[in-house]
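*Asks:*
Number of protein chains: 2
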Amino acid sequence: MGDLIQPRVLKGFRDVLPDQEAARRKILETIEEVCTTFGFVPIDTPALEYSEVLLGKGGGETDKQVYQFSDHGGRDVALRFDLTVPFARYMAAHSRELYLPFKRYHFGKVYRGENTQKGRYREFMQCDFDCVGVDSPAADMEILLMMHRAFTQLGIRGVEIRLSHRGIFNRFLDHLGVRENSVEILRSVDKLKKIGREKTLDLLRSLVSAEQAESILSFITPRDSNAETLAAMEDLAGGPGEDSGRVSTILSWADSLGLGSSFILDPSITRGLDYYTGIVYETFLQEIPEIGSVCSGGRYNNLAGLYTKEQLPGVGSSIGLDRLVAALEELGRLEDQSSAADVIVFCMDDSLMAQYLGVAQAFRDAGFRAEVYPENRKLGPQFSYAEKKHIPLGIILGEEEHSRGTLQLRDLRQRQSIPGLSLEEALARATELIS
Amino acid sequence: MGDLIQPRVLKGFRDVLPDQEAARRKILETIEEVCTTFGFVPIDTPALEYSEVLLGKGGGETDKQVYQFSDHGGRDVALRFDLTVPFARYMAAHSRELYLPFKRYHFGKVYRGENTQKGRYREFMQCDFDCVGVDSPAADMEILLMMHRAFTQLGIRGVEIRLSHRGIFNRFLDHLGVRENSVEILRSVDKLKKIGREKTLDLLRSLVSAEQAESILSFITPRDSNAETLAAMEDLAGGPGEDSGRVSTILSWADSLGLGSSFILDPSITRGLDYYTGIVYETFLQEIPEIGSVCSGGRYNNLAGLYTKEQLPGVGSSIGLDRLVAALEELGRLEDQSSAADVIVFCMDDSLMAQYLGVAQAFRDAGFRAEVYPENRKLGPQFSYAEKKHIPLGIILGEEEHSRGTLQLRDLRQRQSIPGLSLEEALARATELIS
Numbered sequence: 001m002g003d004l005i006q007p008r009v010l011k012g013f014r015d016v017l018p019d020q021e022a023a024r025r026k027i028l029e030t031i032e033e034v035c036t037t038f039g040f041v042p043i044d045t046p047a048l049e050y051s052e053v054l055l056g057k058g059g060g061e062t063d064k065q066v067y068q069f070s071d072h073g074g075r076d077v078a079l080r081f082d083l084t085v086p087f088a089r090y091m092a093a094h095s096r097e098l099y100l101p102f103k104r105y106h107f108g109k110v111y112r113g114e115n116t117q118k119g120r121y122r123e124f125m126q127c128d129f130d131c132v133g134v135d136s137p138a139a140d141m142e143i144l145l146m147m148h149r150a151f152t153q154l155g156i157r158g159v160e161i162r163l164s165h166r167g168i169f170n171r172f173l174d175h176l177g178v179r180e181n182s183v184e185i186l187r188s189v190d191k192l193k194k195i196g197r198e199k200t201l202d203l204l205r206s207l208v209s210a211e212q213a214e215s216i217l218s219f220i221t222p223r224d225s226n227a228e229t230l231a232a233m234e235d236l237a238g239g240p241g242e243d244s245g246r247v248s249t250i251l252s253w254a255d256s257l258g259l260g261s262s263f264i265l266d267p268s269i270t271r272g273l274d275y276y277t278g279i280v281y282e283t284f285l286q287e288i289p290e291i292g293s294v295c296s297g298g299r300y301n302n303l304a305g306l307y308t309k310e311q312l313p314g315v316g317s318s319i320g321l322d323r324l325v326a327a328l329e330e331l332g333r334l335e336d337q338s339s340a341a342d343v344i345v346f347c348m349d350d351s352l353m354a355q356y357l358g359v360a361q362a363f364r365d366a367g368f369r370a371e372v373y374p375e376n377r378k379l380g381p382q383f384s385y386a387e388k389k390h391i392p393l394g395i396i397l398g399e400e401e402h403s404r405g406t407l408q409l410r411d412l413r414q415r416q417s418i419p420g421l422s423l424e425e426a427l428a429r430a431t432e433l434i435s
Numbered sequence: 001m002g003d004l005i006q007p008r009v010l011k012g013f014r015d016v017l018p019d020q021e022a023a024r025r026k027i028l029e030t031i032e033e034v035c036t037t038f039g040f041v042p043i044d045t046p047a048l049e050y051s052e053v054l055l056g057k058g059g060g061e062t063d064k065q066v067y068q069f070s071d072h073g074g075r076d077v078a079l080r081f082d083l084t085v086p087f088a089r090y091m092a093a094h095s096r097e098l099y100l101p102f103k104r105y106h107f108g109k110v111y112r113g114e115n116t117q118k119g120r121y122r123e124f125m126q127c128d129f130d131c132v133g134v135d136s137p138a139a140d141m142e143i144l145l146m147m148h149r150a151f152t153q154l155g156i157r158g159v160e161i162r163l164s165h166r167g168i169f170n171r172f173l174d175h176l177g178v179r180e181n182s183v184e185i186l187r188s189v190d191k192l193k194k195i196g197r198e199k200t201l202d203l204l205r206s207l208v209s210a211e212q213a214e215s216i217l218s219f220i221t222p223r224d225s226n227a228e229t230l231a232a233m234e235d236l237a238g239g240p241g242e243d244s245g246r247v248s249t250i251l252s253w254a255d256s257l258g259l260g261s262s263f264i265l266d267p268s269i270t271r272g273l274d275y276y277t278g279i280v281y282e283t284f285l286q287e288i289p290e291i292g293s294v295c296s297g298g299r300y301n302n303l304a305g306l307y308t309k310e311q312l313p314g315v316g317s318s319i320g321l322d323r324l325v326a327a328l329e330e331l332g333r334l335e336d337q338s339s340a341a342d343v344i345v346f347c348m349d350d351s352l353m354a355q356y357l358g359v360a361q362a363f364r365d366a367g368f369r370a371e372v373y374p375e376n377r378k379l380g381p382q383f384s385y386a387e388k389k390h391i392p393l394g395i396i397l398g399e400e401e402h403s404r405g406t407l408q409l410r411d412l413r414q415r416q417s418i419p420g421l422s423l424e425e426a427l428a429r430a431t432e433l434i435s
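For the record, the sequence lines run as chains S and A. The first sequence begins at 1 in our numbering and counts up one residue at a time. The second sequence begins at 1 in our numbering and counts up one residue at a time.
Have a look at this one:
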């Protein structure tokens with residue numbers, strides 16, 4: 001054997017240990033259940049695609065972050081960097097097999113060779129859900145309700161879904177006569193939460209007149225209530241429109257569903273340079289707002305324009321699993337390490353292994369998660385193994401129990417044993433102890 | 001807007017449409033449930049790794065199939081081509097955080113630039129489960145039981161787990177005096193199921209004497225019962241040993257658990273050139289044996305030797321999801337397109353949208369999957385949408401129902417309506433209709 005190879009992972013990539021992976025899978029399961037509860041259907045797409053498909057024919061700011069290479073056949077290929085572009089391609093490719101409105105979810109890993117400072121990863125999981133093929137406030141609302149339900153189901157209270165509408169913002173910039181600077185203005189406004197009012201004002205003053213900068217800052221400032229904010233936005237944008245009417249409708253539906261307090265009209269939400277055209281939103285956790293948005297999205301008027309002439313309006317959201325996990329960890333909601341099994345059958349004597357396997361099977365058939373310690377060792381290491389896996393119950397079946405035809409059930413949390421049980425009794429007691 | 005980009009996917013890669021993706025996710029869920037039922041814990045590893053880590057310092061036959069490239073930082077990286085090598089690296093990297101025996105499962109996509117003829121994919125999903133850190137027949141047995149339970153839970157009857165033991169095979173080759181040809185002999189034996197006895201014999205005759213070739217063919221031929229097969233194997237291998245004793249133990253446990261008929265001792269199973277050293281197995285479906293093995297694996301004596309001096313024996317299995325899905329499709333077990341929602345609230349009047357959202361929410365709170373049709377269109381297209389998603393129940397709430405404060409529940413399968421219901425009554429009737 002030669003030198004050992006160092007078992008390292010690439011910078012920005014991670015191994016996930018069992019306790020955390022179990023927690024991650026539970027979160028994914030919860031989000032998936034919310035998606036199916038709203039009638040959304042799953043799809044899948046390849047992680048590797050033609051570069052042209054993912055990046056278009058030009059090249060943008062993202063390109064440097066993309067894992068792009070030449071495959072065996074000399075094809076220019078790349079790893080996907082989000083789930084939106086593959087979804088757009090998918091809709092164009094399968095329009096004849098699909099139906100509209102198409103409500104889909106897609107959970108998958110994406111790849112970005114970003115700077116790994118400040119806890120960014122180069123491989124991370126996104127959970128996207130979109131409703132495509134219809135431009136209606138009801139579709140917007142369903143996405144917002146899904147976001148709300150996901151956080152509720154995850155046991156997170158104090159969720160703030162902060163929303164706005166790009167259409168009102170654009171009308172306001174028109175009205176102010178600064179529409180041609182909109183890209184830079186959006187970029188500055190987007191920094192408000194990070195750099196504060198004064199610095200944002202400085203940035204804006206370098207783009208427009210001092211008076212206009214003040215006006216922009218006024219526009220993006222929420223008032224005391226959603227109604228007042230909306231009135232101020234309409235006022236500064238030159239009056240009401242379809243856009244502000246839609247926002248009003250959405251907020252009134254939220255009220256009528258008893259969820260009004262979770263939805264905050266916040267005109268500083270613009271989703272920066274993204275391709276949104278209608279409502280836009282970000283989600284903050286009141287307990288740790290500093291972690292930033294854990295779920296965001298908005299309405300776009302043309303998903304798949306790169307690939308098809310069919311105009312596909314839609315609305316969607318994306319949950320970044322990794323930031324959400326970080327948030328839950330910080331809130332101490334990931335601590336409760338769940339058990340890897342309900343029952344462990346300890347090995348006291350190799351010659352009784354057939355019995356151990358049978359007992360474990362009986363527990364499984366009764367709906368328990370059960371495992372057998374697969375070799376005869378001292379009880380100390382076996383107990384310590386059970387503890388590492390947070391297993392609450394053990395079965396002890398040695399020479400003595402075997403000769404009497406009984407089992408001993410041990411509550412590993414309380415360190416108490418119940419001897420002299422038949423298998424049926426052990427199953428019954430286990431049910432009591434675990435439920 | 002310039003020319004459209006063709007929304008194509010790479011050869012050997014696939015989009016998955018919703019019905020099939022839903023079925024795939026159900027299968028994965030079932031396999032995962034089996035893993036957790038046996039106390040196995042989940043892990044995750046990156047899809048992209050250092051090439052050296054995945055390929056070792058030399059280069060083997062697989063290398064040409066590996067997606068390997070240079071990343072932004074000039075690192076030589078590759079997409080994983082299986083889950084075993086990353087698992088070996090993981091065990092070496094985290095030995096201090098983990099405990100032994102370590103029972104883990106890992107489901108993930110792997111990448112091989114293989115020839116795409118005969119329905120092979122370049123991106124495919126593997127479901128691996130292994131028990132590492134112990135060399136005992138009980139650990140072997142648990143993996144075999146998991147395989148059996150997975151297929152039972154998937155509703156597949158007539159599963160044949162065909163197993164053998166590499167140790168007995170090696171002893172037999174020693175005894176026959178042809179051990180130095182073992183690589184070529186294994187390769188020939190491995191082809192038996194594909195090319196038949198005569199051609200296998202021809203291949204063997206080119207490697208060893210005619211008499212020896214006959215002896216090898218005799219060795220790999222199952223007899224009328226497992227006991228007779230084992231006796232013949234022991235006889236040809238020069239007598240009983242720990243290896244054949246272990247096989248005997250495993251088969252007797254299978255009998256005592258009432259599963260004996262699913263386990264067939266088949267000495268032609270060798271897993272070819274793989275790194276196995278103990279028991280080896282493949283799984284065939286009696287209804288479609290021609291699809292080949294849908295789950296295979298075995299025992300190895302040193303998982304992570306490339307990365308650590310710690311000797312890690314283990315036993316594991318791998319289910320290829322794609323071949324399994326193909327098998328289930330062929331058996332017609334994937335046809336039953338499951339519903340994407342239980343209830344759809346049709347949109348009869350945009351001004352009643354607040355009511356529709358409320359009704360859907362009430363259904364969700366009662367445990368139904370419910371969606372709202374998000375805009376006012378004729379009922380025809382709305383019904384056809386519901387049909388495409390296999391949704392069994394609809395709610396009709398128009399002007400008339402609204403003025404009376406009632407709902408109409410429609411059984412979309414039977415095309416029957418139940419008018420004049422309160423929300424509570426509709427929930428109760430829906431429960432009856434769906435359960």
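Glycine is no exception: its CB is placed at the ideal position from the N, C-alpha and C atoms.
Along the beta strand (DSSP E) that carries E282/A, what are the first and last residues, could you check?
*Replies:* E282/A -> beta strand (DSSP E) spans 279-285.
*Asks:* Out of curiosity, what's the CA-to-CA distance linking Y111/A and T221/S?
*Replies:* Going from the Cα of Y111/A to the Cα of T221/S covers about 50 Å.
*Asks:* By the 10 Å Cβ neighbour count, where 16 or more other Cβ atoms means buried, how is T270/A classified, buried or exposed?
*Replies:* That one is buried.
*Asks:* Buried or exposed: which applies to K57/S, given that a residue is buried once 16 or more other Cβ atoms fall within 10 Å of its Cβ?
*Replies:* By the neighbour-count rule (16 or more Cβ atoms within 10 Å), K57/S is not buried but exposed.
*Asks:* Helix, strand or coil for Q408/A? Go by DSSP, reduced to three states.
*Replies:* Q408/A falls in the strand class under three-state DSSP.
*Asks:* Does any CB atom of chain S fall closer than 8 Å to the CB of M353/A?
*Replies:* Closer than 8 Å: yes.
*Asks:* Inspect the beta-carbon positions of A92/A and V315/A and report whether they are closer than 8 Å.
*Replies:* No. Outside cutoff.
*Asks:* In whole angstroms, what is the alpha-carbon distance linking M1/A and S403/A?
*Replies:* Its pLDDT being 49, under 50, M1/A is placed unreliably in this model, and the coordinates cannot settle the point.
*Asks:* If we call anything under 8 Å between Cβ atoms a contact, is T283/S one with R299/S?
*Replies:* Cβ atoms of T283/S and R299/S: not closer than 8 Å.
*Asks:* Taking the continuous beta strand (DSSP E) assigned at M125/S, which residues delimit it?
*Replies:* That run of the beta strand (DSSP E) goes 123-132.
*Asks:* Hey, is E97/A's beta-carbon within less than 8 Å of any beta-carbon in chain S?
*Replies:* Yes, its Cβ sits closer than 8 Å to a Cβ of chain S.
*Asks:* Threshold first: 4 residues or longer. Then list the alpha helix (DSSP H) segments lying entirely within the region 354-392 of chain A, N to C.
*Replies:* Segments of the alpha helix (DSSP H) lying fully in the region 354-392 of chain A: 379-388.
*Asks:* What residues from the region 32-52 of chain A come within 7 Å of chain S, judged by C-beta to C-beta, listed N to C?
*Replies:* Those residues of the region 32-52 of chain A that come within reach of chain S (Cβ to Cβ, closer than 7 Å) are T36, T37, F38, G39, V41, P42, I43, D44, T45, P46, A47, L48, E49, Y50, E52.
*Asks:* Answer with buried or exposed for T431/S, where buried requires no fewer than 16 other C-beta atoms within 10 angstroms of its C-beta.
*Replies:* Exposed, because fewer than 16 other Cβ atoms sit within 10 Å of the Cβ of T431/S.
*Asks:* Between which two residues does the alpha helix (DSSP H) harbouring D140/A extend?
*Replies:* First-last of the alpha helix (DSSP H) with D140/A: 137-153.
*Asks:* Please tell me whether F69/S has its Cβ less than 8 Å away from any Cβ of chain A.
*Replies:* Yes, contact with chain A.
*Asks:* Between E142/A and chain S, is there a C-beta pair that is closer than 8 Å?
*Replies:* At least one chain S Cβ lies under 8 Å of E142/A.
*Asks:* Can you tell me whether Q20/S is helix, strand or coil according to DSSP?
*Replies:* Note: Q20/S maps to helix in three-state DSSP.
*Asks:* Between I143/S, L17/S, Y121/S, L236/S, which lies nearest to Y105/A when the distance is taken from Cα to Cα?
*Replies:* Nearest option by C-alpha distance: L17/S.
*Asks:* Check each candidate in R166/S, G260/S, S261/S and name the one with the smallest Cα separation from F219/S.
*Replies:* Of R166/S, G260/S, S261/S, the residue nearest in Cα terms is R166/S.
*Asks:* What do you get for H72/S, buried or exposed, if any count of 16 or more other CB atoms within 10 angstroms of its CB means buried?
*Replies:* When all chains shown are included, H72/S counts as exposed.
*Asks:* What are the start and end residues of the beta strand (DSSP E) that includes L498/S?
*Replies:* This structure cannot speak to residue 498/S, because chain S is shown only from 1 to 435.
*Asks:* Please name the residues in the region 305-317 of chain S whose beta-carbon is closer than 8 Å to at least one beta-carbon of chain A, in chain order.
*Replies:* Residues passing the 8 Å Cβ filter: G305, L306, Y307, T308, K309.
*Asks:* Please report how far the alpha carbon of Y50/S lies from the alpha carbon of T308/S, in whole angstroms.
*Replies:* If you take the alpha carbons of Y50/S and T308/S, they lie about 17 Å apart.
*Asks:* For L357/A, which residues in the same chain have their Cβ closer than 7 Å to its Cβ, ignoring the five residues on either side in sequence?
*Replies:* If we look at L357/A and ignore the five residues flanking it on each side, its Cβ neighbours are V372.
*Asks:* Just checking: is the beta-carbon of S261/S within a distance shorter than 8 Å of some beta-carbon in chain C?
*Replies:* Absent from the structure: chain C. Protein chains present are S and A.
*Asks:* Check the Cβ of C131/A against every Cβ in chain S and list those closer than 8 Å, keeping chain order.
*Replies:* Those are P374, listed as they occur along chain S.
*Asks:* Based on DSSP bridge pairs, tell me the residues matched to E290/A.
*Replies:* For E290/A, which the question treats as bridged, DSSP gives no partner whatsoever.
*Asks:* Does the CB of L83/A have a neighbour CB from chain S at under 8 Å?
*Replies:* No, no contact with chain S.
*Asks:* What are the boundary residues of the beta strand (DSSP E) that A341/A is part of?
*Replies:* Element bounds for A341/A: n/a, residue is neither H nor E.
*Asks:* Check whether the Cβ of Y90/S lies closer than 8 Å to any Cβ atom in chain A.
*Replies:* Yes, contact with chain A.
*Asks:* Alpha carbon to alpha carbon, what distance is there between S206/S and R333/S?
*Replies:* Answer to the nearest angstrom: the Cα atoms are 44 Å apart.
*Asks:* Given a cut-off of 8 Å, decide if K389/A and G39/S are closer than it, judged by their beta-carbon atoms.
*Replies:* Yes. Within cutoff.
*Asks:* What does DSSP give as the partner residues of A93/S in its beta bridges?
*Replies:* Answer is none; A93/S lacks a bridge partner.
*Asks:* State buried or exposed for Q68/A, treating a residue as buried only when at least 16 other CB atoms are found within 10 Å of its CB.
*Replies:* With 16 or more other Cβ atoms within 10 Å, it is buried.
*Asks:* Identify the contact partners of Y385/S in chain A, using a Cβ-Cβ distance below 7 Å as the criterion.
*Replies:* By Cβ distance, chain A contributes Y99.
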